[in-house]
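In this note's numbering, the protein residues as written are 1 to 169. Worksheet: the structure to be examined is printed underneath.
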Amino acid sequence: MTDALSPLRALQFFDSLPQELNAAWLDWLLLEDSMTRRFEQHCSQVTVRIVREAFVLQEECRDEAALLPPSERYWLREIILCGDDEPWLLGRTVVPESTLNGPELALQGLGNTPLGRYLFSSSSLTRDYIQIGCSEALWGRRSRLRLSDKPLMLTELFLPHSPLYREER
């Protein structure tokens, strides 16, 4: 089942903004607010399909681990975010084990709750950066976020039926 996320793992990230992106697409890709909230403006219901939730070793999340503090284990959450049951986004969250203490321990128990609902309800959320990527003509992004200054990586790939692609090219 994790093969469903292979396009997300194949994302190639750009050092600067790609010239071929129009303003409407950039508005989606550089969104600082909750993507869940943005999706809710385009459908009746946003739902999460969990693909995988587990502790993994660094080898399984090498790209993200290189951008996070060293850790023996990382909490990995891979999901498909749907709008009205249509898959719109693949999401992958990688959290160093050291981040999972205090209130941030809740990251392990989100279940079918979209990550954005949890993250953007926290007054301690900050974002270090957003980096845009592309995989098989699909656009994505990754962000290093911090909760109470504790880091996590979020990678998102917009699937073909995502509202992002309905915007004018």
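Idealized CB from N, CA, C, for every residue including glycine. These numbers were taken from a predicted model, which means no experiment stands behind them.
With a cutoff of 9 Å on beta-carbon distance, Leu89 and Leu157 are scored as near each other. In terms of CA proximity to Leu119, Met35 leads the group Leu5, Glu53, Met35 and Val48. Burial state of Gly83 is buried, judged by a 10 Å Cβ sphere holding 16 or more other Cβ atoms.
Taken atom to atom, the span from the alpha-carbon of Gly111 to that of Leu21 is near 34 Å. The alpha-carbon of Thr113 is positioned some 15 Å away from that of Leu105. The closest CA to that of Ile130, considering only Pro70, Val46, Asp33 and Arg62, is found on Asp33.
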